[in-house]
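In full-length UniProt numbering, the protein residues as written are 1 to 284.
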Amino acid sequence: MNVLADRLAPPSAFPHTDPASTRLDPDVVCLEEVDHYEDHFRPAMASHGYEGFFKVKNGEGDADGCALFFKSARFELVAHRAIDFEGSHTQVALIVRLRLRSEQDGRDLCVAATHLKAKPGFEEKRLEQGILLLRSALAFISGGGGGDGDEEERRRIASAPLVVLGDFNDVPSSLVCRYFRGELPLAEVHAVVPPHPFRLASAYAHHPPLAGDVDEAAAEPYSTYKKRETEVRRTIDYIWYPADAMVPVALLAVPAVSDLPDRLPCRNHPSDHLALYAELAWRE
1 MNVLADRLAP
11 PSAFPHTDPA
21 STRLDPDVVC
31 LEEVDHYEDH
41 FRPAMASHGY
51 EGFFKVKNGE
61 GDADGCALFF
71 KSARFELVAH
81 RAIDFEGSHT
91 QVALIVRLRL
101 RSEQDGRDLC
111 VAATHLKAKP
121 GFEEKRLEQG
131 ILLLRSALAF
141 ISGGGGGDGD
151 EEERRRIASA
161 PLVVLGDFND
171 VPSSLVCRYF
181 RGELPLAEVH
191 AVVPPHPFRL
201 ASAYAHHPPL
211 AGDVDEAAAE
221 PYSTYKKRET
231 EVRRTIDYIW
241 YPADAMVPVA
251 LLAVPAVSDL
261 PDRLPCRNHP
271 SDHLALYAEL
281 AWRE
């Protein structure tokens with residue numbers, strides 16, 4: 001979820017925000033645009049049983065960043081890494097490898113959180129960052145050596161399926177989202193795009209249609225809805241899950257546009273992005 005950093009939320013831009021909001025109880029939480037990590041988010045989440053990591057953007061001054069939390073009673077931390085998209089503006093990512101405490105066989109899961117480059121005109125930059133993220137995830141899962149598509153690589157990936165969450169700042173039909181789904185022909189970009197071995201799918205592609213409120217090209221519900229110079233309603237936030245290893249069994253419903261007369265943020269949704277929530281089950 002993009003929580004909307006204080007420095008990016010002047011009252012004049014978001015006049016309808018109310019501090020009250022709904023509460024969920026997920027095992028893993030990924031947040032973007034996080035500031036006040038040490039003095040607010042870390043102690044607040046710790047009081048609810050979460051352990052976490054934070055990576056600030058590579059900018060100057062009072063920058064925000066990405067945070068990733070997990071329930072320490074549910075998971076044991078195996079490894080973690082912060083990722084800088086070097087030479088790629090200020091964006092960052094976090095990735096952790098977690099082990100279920102309740103499993104006799106030590107079943108592992110990798111989770112990554114990121115916030116890709118914003119603004120129009122940066123579609124190829126977001127693709128570049130997505131490539132770097134999955135390449136870094138592959139190296140992380142493989143113990144630092146990457147992989148070449150052989151049986152050993154597939155075995156290592158299967159041992160710790162990858163879930164990616166974040167604000168991609170782009171729609172489902174974009175280059176980076178099509179790359180994540182493995183649908184991007186090389187001819188559509190200027191540079192050579194390396195294939196990745198992950199079988200990723202968007203959890204919210206399973207969300208029931210919201211009459212007139214979805215991205216018609218991809219049938220995914222919107223995740224941000226605001227009005228500044230113009231009214232903007234877009235699908236740009238995602239929960240990518242490993243379709244060969246897991247399946248979504250429940251999703252937090254996205255409200256209909258008619259339920260948000262004041263757009264976002266509002267009383268029940270205190271960010272300009274909606275919270276996404278998915279329950280994922282292992283395929284047996």
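Each residue gets a CB set at the ideal place from its N, CA and C atoms; glycine is no exception.
Margin query: Classify V28: buried if its beta carbon has 16 or more other beta carbons within 10 angstroms, exposed otherwise.
Written below: buried
Check: Just checking, does the segment 126-144 make contact with the segment 55-75 on the three C-beta pairs under 8 Å criterion?
Finding: no
Margin query: Please classify W240 as buried or exposed, where buried requires at least 16 neighbouring CB atoms within 10 angstroms.
Written below: buried
Check: Under three-state DSSP, which class holds K125?
Finding: helix
Notebook entry, point to check: Roughly how many angstroms lie between the CA atoms of V78 and Y204, to the nearest whole one?
Noted result: 28 Å
Note to self: What does the Cβ neighbour count give for A275, buried or exposed, with the cut at 16 atoms within 10 Å?
What the structure shows: buried
Note to self: Going by DSSP, what residue range makes up the alpha helix (DSSP H) through F69?
What the structure shows: Not the alpha helix (DSSP H): F69 falls in the beta strand (DSSP E), residues 65-71.
Notebook entry, point to check: According to DSSP, is I83 helix, strand or coil?
Noted result: strand
Margin query: Please report the distance separating the alpha-carbon of G49 from that of H80.
Written below: 18 Å
Margin query: For the segment 239-253 against the segment 149-169, do three or more pairs of beta-carbon atoms, one drawn from each stretch, fall closer than 8 Å, so that the two count as touching?
Written below: yes
Item checked: Under the three-state DSSP convention, the category F41 falls into -> helix
Notebook entry, point to check: If K117 sits next to N169, beta carbons under 8 Å apart, how far is it from one beta carbon to the other, in whole angstroms?
Noted result: 6 Å
Next item on the list: Pick out whichever of T90, S102, D84, L109 has its Cα sitting closest to the Cα of V96.
Entry: L109
Item checked: Exposure label - T22; buried when at least 16 CB within 10 Å -> Because the pLDDT of T22 is 40, which lies under 50, any placement of that residue in the model is unreliable, and the number read from its coordinates should be weighed accordingly. Exposed.
Next item on the list: Could you name the residues of the same chain whose beta carbon sits closer than 8 Å to that of A137, not counting the 5 residues immediately before and after it, in chain order?
Entry: I95, C110, A112, L162, V164, F198
Item checked: Top-ranked residue by Cα proximity to H196, from D167, E153, P172 -> E153
Check: In chain order, what residues of the same chain have a beta carbon less than 7 Å from the beta carbon of L127, not counting five sequence neighbours either side?
Finding: L175, V176, Y179, V189
Margin query: Going by DSSP in three states, F75 sits in which element: helix, strand or coil?
Written below: strand
Note to self: Within 10 Å of its beta-carbon, does P120 have 16 or more other beta-carbons around it, so buried, or fewer, so exposed?
What the structure shows: exposed
Next item on the list: Could you round the C-beta distance between S202 and H273 to whole angstroms and report it? I think they count as a contact, below 8 Å.
Entry: At roughly 15 Å, the Cβ-Cβ gap does not stay under 8 Å, so S202 and H273 are not in contact.
Check: If you run the structure through DSSP and keep just helix, strand and coil, what is E216?
Finding: Caution is warranted here: a pLDDT of 47 is assigned to E216, below 50, making its placement in the model unreliable, and no coordinate value can be reported.
Notebook entry, point to check: Just checking my contact of G166 with E32 at CB under 8 Å: how many whole Å lie between their CB atoms?
Noted result: 6 Å
Notebook entry, point to check: Secondary structure at Y50, three-state DSSP: helix, strand or coil?
Noted result: strand
Next item on the list: Can you say whether H40 is buried or exposed, counting buried as having 16 or more other CB atoms within 10 angstroms of its CB?
Entry: exposed
Margin query: Looking at the secondary structure, which residues open and close the beta strand (DSSP E) in which V34 lies?
Written below: 28-34
Check: Which word fits G65, buried or exposed, when buried means at least 16 other C-beta atoms lie within 10 angstroms of its C-beta?
Finding: buried
Item checked: Best match in A278, R233, V247 for proximity to L260 [C-alpha to C-alpha] -> R233
Note to self: Starting from E284, trace the alpha helix (DSSP H) in both directions and tell me its first and last residue.
What the structure shows: Careful: E284 lies outside any alpha helix (DSSP H) and carries neither H nor E.
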